[in-house]
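Please read the structure below before turning to the comments.
2 protein chains.
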Amino acid sequence: MSSENFDNLRLELRRGGLVVAVLAALHSEQYGYTLRKIMADHGIEIDEGTLYPLLRRLEIQGLLKSKWREEQKRNKRFYQLTAAGKQILQQLLTEWRNMDSSINSILKEYGHATSRTVSASR
Amino acid sequence: MSSENFDNLRLELRRGGLVVAVLAALHSEQYGYTLRKIMADHGIEIDEGTLYPLLRRLEIQGLLKSKWREEQKRNKRFYQLTAAGKQILQQLLTEWRNMDSSINSILKEYGHATSRTVSASR
DNA sequence: ACATCATACTGTGTTATACATAGTATATGT
DNA sequence: ACATATACTATGTATAACACAGTATGATGT
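Protein chains in written order, with the working numbering: chain A, 160 to 281; chain B, 160 to 281.
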């Protein structure tokens with residue numbers, strides 16, 4: 160069942176990228192609903208049932224701060240990076256870049272046709 | 160406890176990259192012990208307690224095939240990508256690239272100084 | 001001959017979290 | 001009045017790297 164395997168592996172891949180992407184978007188403050196749209200605009204579909212618990216958890220971990228504000232007759236919860244969050248984001252970006260370099264390096268040495276196609280597109 | 164958070168988030172990030180990197184290295188057949196060294200040479204430290212179960216799981220999922228062979232007086236288990244494995248690897252690479260593009264795109268639009276430093280280094 | 005290290009691998013419980021699913025409240029459009 | 005969009009909260013399930021422990025055996029050092 161290759162497609163099922165791919166789905167699981169794809170989820171694993173998303174897990175790491177998701178946090179980096181969400182933190183990256185919160186250099187400027189956003190509330191959940193528009194953050195979800197921003198992520199979608201940049202190619203990352205994320206269900207609200209996944210996004211809100213993630214935001215909550217990142218706040219608990221001290222990487223985000225939030226405050227309620229009423230705008231356009233609606234109560235919205237705005238999130239933004241903390242100083243610690245900016246620092247962690249930098250570190251995670253470094254990890255992401257390092258993993259990317261490792262993968263490319265391995266592909267260059269061991270990936271046959273795949274190495275060529277990847278290099279060509281970058 | 161930022162450093163503890165970073166460790167957990169780093170693990171999440173690794174989860175996706177790890178499978179891609181291992182599959183990429185197995186275009187040519189390797190046995191576990193040298194595969195571990197190859198990964199280390201390319202910047203990915205992975206404990207044997209993590210690598211062997213991963214290889215086992217990927218074989219069960221049909222992405223790898225293995226066979227025992229005696230070399231230099233030792234029994235070694237050689238692994239290599241199957242046709243399905245090559246296909247899944249391509250798809251995962253595409254997912255990885257898409258996530259990377261999304262992150263860069265978000266950084267470009269929302270990341271302040273970080274956006275500049277990342278662009279400069281690439 | 002024996003101790004130590006390197007090689008080569010197997011087994012399994014713990015921990016963490018996206019996902020899936022369900023839900024509430026309220027403003028706006030038809 | 002009803003449907004849809006906006007904006008969010010709550011929680012159990014499924015998954016897998018890690019951490020840790022272990023076995024077997026060849027090579028090397030004393």
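Positions of the beta carbon are idealized from the N, C-alpha and C atoms, including for glycine.
Keep in mind the model is a prediction, meaning the values are calculated, not measured.
Check: So what does A:Gln239 bridge to, in DSSP terms?
Finding: Walking along the first sequence from the start, residue 239 of chain A turns up at place 80. DSSP lists A:Lys224 as partners of A:Gln239.
Notebook entry, point to check: CB-CB under 8 Å to A:Ile247, same chain, minus the five flanking residues each way: which ones, in chain order?
Noted result: Here residue 247 of chain A refers to the residue found at position 88 of the first sequence. Answer for A:Ile247: Leu182 and Leu222, listed in chain order.
Checklist line | 7 Å CB neighbourhood of A:Leu172 in its chain, flanking five on each side removed | finding: Counting from one through the first sequence, the residue named residue 172 of chain A turns up at place 13. Excluding positions up to five away in sequence, the list is empty.
Margin query: For chain A, check one thing: does any of its Cβ atoms lie closer than 8 Å to the Cβ of B:Gly270?
Written below: Position 111 of the second sequence, counted from the start, is the residue given in the question as residue 270 of chain B. Closer than 8 Å to some Cβ of chain A, the Cβ of B:Gly270 qualifies, so yes.
Next item on the list: Tell me whether the beta-carbon of B:Ile219 lies closer than 8 Å to the beta-carbon of B:Leu177.
Entry: Numbered from its first residue, the second sequence carries residue 219 of chain B at position 60. Numbered from its first residue, the second sequence carries residue 177 of chain B at position 18. No, they are not a contact pair.
Check: If you drop the 5 nearest sequence neighbours on each side, which residues of the same chain put their C-beta closer than 6 Å to that of B:Glu188?
Finding: If you number the second sequence from 1, residue 188 of chain B lands on position 29. Contacts found: Phe237 and Gln239.
Check: Can you tell me whether A:Arg195 is buried or exposed, with buried defined as 16 or more other CB within 10 angstroms of its CB?
Finding: Translated into the one-based positions of the first sequence, residue 195 of chain A becomes position 36. Within 10 angstroms of the beta-carbon of A:Arg195 lie 16 or more other beta-carbons, which makes it buried.
Next item on the list: Decide if B:Gly208 is buried, meaning its Cβ has at least 16 other Cβ atoms within 10 Å, or exposed.
Entry: Start at 1 with the first residue of the second sequence, and residue 208 of chain B comes out as number 49. Per the 10 Å Cβ criterion, exposed.
Item checked: CB-CB length for A:Ser261 against B:His201, believed under 8 Å -> Position 102 of the first sequence, counted from the start, is the residue given in the question as residue 261 of chain A. Position 42 of the second sequence, counted from the start, is the residue given in the question as residue 201 of chain B. With 8 Å as the limit, A:Ser261 and B:His201 qualify as a contact, their Cβ atoms being about 5 Å apart.
Margin query: Does A:Ala184 pass the burial test, meaning 16 or more other C-beta atoms within 10 Å, or should it be called exposed?
Written below: Stepping through the first sequence from its first residue, residue 184 of chain A is reached at position 25. With 16 or more other Cβ atoms within 10 Å, it is buried.
Checklist line | Which residues DSSP lists as bridging A:Gln189, in chain order | finding: Numbered from its first residue, the first sequence carries residue 189 of chain A at position 30. A:Gln189 is bridged to A:Tyr238.
Next item on the list: Consult DSSP for B:Glu204 and reduce its assignment to one of helix, strand or coil.
Entry: As a working mapping, residue 204 of chain B is identified with position 45 in the second sequence. In this structure, B:Glu204 counts as coil in the three-state DSSP scheme.
Notebook entry, point to check: Rounded to a whole number of angstroms, what is the C-alpha to C-alpha distance between B:Tyr269 and B:Ser225?
Noted result: Here residue 269 of chain B refers to the residue found at position 110 when the second sequence is read from its first residue. Here residue 225 of chain B refers to the residue found at position 66 when the second sequence is read from its first residue. So the alpha carbons of these two residues sit roughly 46 Å apart.
Check: What residues of chain A sit near B:Ser225, judged by a beta carbon separation below 7 Å?
Finding: Counting from one through the second sequence, the residue named residue 225 of chain B turns up at place 66. Residues of chain A passing the Cβ test: none, with the nearest at roughly 17 Å.
Notebook entry, point to check: Is A:Ala199 close to chain B, meaning its C-beta is less than 8 Å from at least one C-beta of that chain?
Noted result: To locate residue 199 of chain A, count along the first sequence from 1; it is residue 40. At a cut-off of 8 Å, the C-beta of A:Ala199 has no neighbouring C-beta in chain B.
Check: For B:Met198, which residues from the same chain have a beta carbon less than 8 Å from its beta carbon, with the 5 sequence-adjacent residues on both sides left out?
Finding: As a first step, residue 198 of chain B is located in the second sequence; it is residue number 39 there, counting from the start. Taken in chain order, the residues that qualify are Ala180, Val181, Ala184, Glu204, Ile205 and Leu210.
Next item on the list: List the DSSP bridge partners of A:Arg233.
Entry: Within the first sequence, numbered from 1, the residue matching residue 233 of chain A stands at position 74. DSSP lists A:Glu230 as partners of A:Arg233.
Check: What does A:Ile262 reach in chain B if we use C-beta pairs closer than 9 Å?
Finding: Start at 1 with the first residue of the first sequence, and residue 262 of chain A comes out as number 103. Around A:Ile262, the beta-carbon contacts reaching into chain B at under 9 Å are Gly176, Val179, Ala180, Ala183, His201, Ile203, Leu252 and Trp255.
Next item on the list: Measuring alpha carbon to alpha carbon, tell me which of B:Gln249, B:Met258, B:Gly191 and B:Glu163 ends up nearest B:Leu213.
Entry: Translated into the one-based positions of the second sequence, residue 213 of chain B becomes position 54. It is B:Gly191 whose Cα lies nearest to the Cα of B:Leu213.
Item checked: Proximity test, Cβ basis, 8 Å: A:Glu171 and chain B -> Numbered from 1 along the first sequence, position 12 holds the residue referred to as residue 171 of chain A. Yes, because at least one Cβ of chain B sits closer than 8 Å to the Cβ of A:Glu171.
Next item on the list: For chain A, find out if any of its Cβ atoms is closer than 8 Å to the Cβ of B:Asp259; answer yes or no.
Entry: As a first step, residue 259 of chain B must be located in the second sequence, where it is residue number 100. Yes, B:Asp259 lies at the interface with chain A (some Cβ there is under 8 Å from its Cβ).
Checklist line | Nearest-angstrom beta carbon gap, B:Leu168 and A:Leu251 [assumed within contact, 8 Å] | finding: Along the first sequence, read from residue 1 onward, the residue named residue 251 of chain A stands at position 92. Along the second sequence, read from residue 1 onward, the residue named residue 168 of chain B stands at position 9. With a Cβ gap of about 6 Å, A:Leu251 and B:Leu168 count as contacting.
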